[in-house]
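In the working numbering, the protein residues as written are 26 to 248. Take a look at the structure set out below.
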C-alpha cells in the first residue's frame, strides 16, 4: 500500500506492477544505486499525482528522482541513466540496434495491451490473435536478427556487454512469457518461435538472478 516515506536520495514512482519501470529498476540495481521503490494502486494514483504536483509533467509514471532532479518519460530516463553509467550506444550502428529492440518491444506491448480492452469476447479474440499471429510475427523477426548478429556467441544484444536494449528486453520477455499468470500459455510461444532467444533469456535470468530475486522484484498479480 502506498505511503509517503522519509526522503531518500533516489526515488522511483510507479504502479504495483513491473511494467515500464522494470528496466529502470534493473539498471539502477545493477549499478549499485539504492533507491526507494514507491508503488501504488490505480486507486491510489490520484493522491500520488496530487502530491507530485508539477513534477509529474504529463500526469504519467514512471517518474524518477535522482541526484536532486526529477525525470519523466521511460526511454529518456533509460538513456539518461545509460549515459551516467557508461552504457549509452556508441556510434550509428549501436544506436540503431539499441533503438531497434526498444521499438520492437513497444510494438509488441501495443499488441499485448489490446487483449485487455473491450468486452470479454473481444478480449478473448484479441488474446487468441496475439498468441497465434502477433507474437509469432515479432518473435520470428527478433530471432532472425538475434541469429544474424551472433548474439548467442557474443552474449548480449548490441555489444559484448550489457546495453540499454538488454535491460529492456530481458525485463519485457521475462514479464510477458514467464510471469506466473501467463507462463503456461505464453512460454511455449516463445520457445516455438524464438528458441535461441528463449535459451539466451534463461541464461540472462540466471546471470542477473540478483535483481530478479531482489526486493525490487516482488510478486505482482498482473506483471
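Even glycine gets a Cβ: it sits at the ideal position worked out from N, Cα and C. Small disclaimer: the values here were computed from a predicted structure and weren't measured.
Anyone know if the C-beta pair for residue i and residue j falls short of 7 Å?
i, j, result
"residue 123", "residue 53", "no"
"residue 90", "residue 36", "yes"
"residue 202", "residue 215", "yes"
"residue 182", "residue 219", "no"
"residue 193", "residue 130", "yes"
"residue 95", "residue 80", "yes"
When DSSP builds the beta bridges, which residues end up paired with residue i?
i, result
"residue 105", "Residue 105 pairs with nothing; no bridge assigned."
"residue 97", "88"
"residue 40", "65"
Just how far apart, CA to CA, sit residue i and residue j?
i, j, result
"residue 142", "residue 150", "11 Å"
"residue 132", "residue 100", "14 Å"
"residue 39", "residue 62", "8 Å"
"residue 57", "residue 236", "11 Å"
"residue 226", "residue 67", "31 Å"
"residue 118", "residue 144", "43 Å"
"residue 172", "residue 157", "22 Å"
"residue 187", "residue 112", "8 Å"
"residue 128", "residue 135", "11 Å"
"residue 105", "residue 230", "24 Å"
"residue 93", "residue 42", "25 Å"
"residue 64", "residue 148", "27 Å"
"residue 200", "residue 55", "18 Å"
"residue 252", "residue 34", "Residue 252 is absent from the model: the chain starts at 26 and stops at 248."
"residue 153", "residue 195", "24 Å"
"residue 140", "residue 44", "16 Å"
Assuming residue i contacts residue j under a Cβ cut-off of 8 Å, what Cβ separation, rounded to an integer in Å, is found between them?
i, j, result
"residue 49", "residue 103", "7 Å"
"residue 83", "residue 97", "6 Å"
"residue 5", "residue 155", "In the structure as shown, the chain starts at 26 and stops at 248, and residue 5 therefore has no counterpart that could be examined."
"residue 221", "residue 168", "6 Å"
So does residue i have its beta carbon nearer than 6 Å to some heavy atom of the ligand NAP?
i, result
"residue 161", "You won't find the ligand NAP in this model; it holds no ligand whatsoever."
Problem - Secondary structure, alpha helix (DSSP H): runs of 4+ residues fully inside the region 109-177 - result: 116-138, 145-154 and 160-173
Exercise for the section: Let me know the alpha helix (DSSP H) ranges lying completely inside the region 190-226, each 4 residues or longer, listed in chain order. Expected result: 208-218
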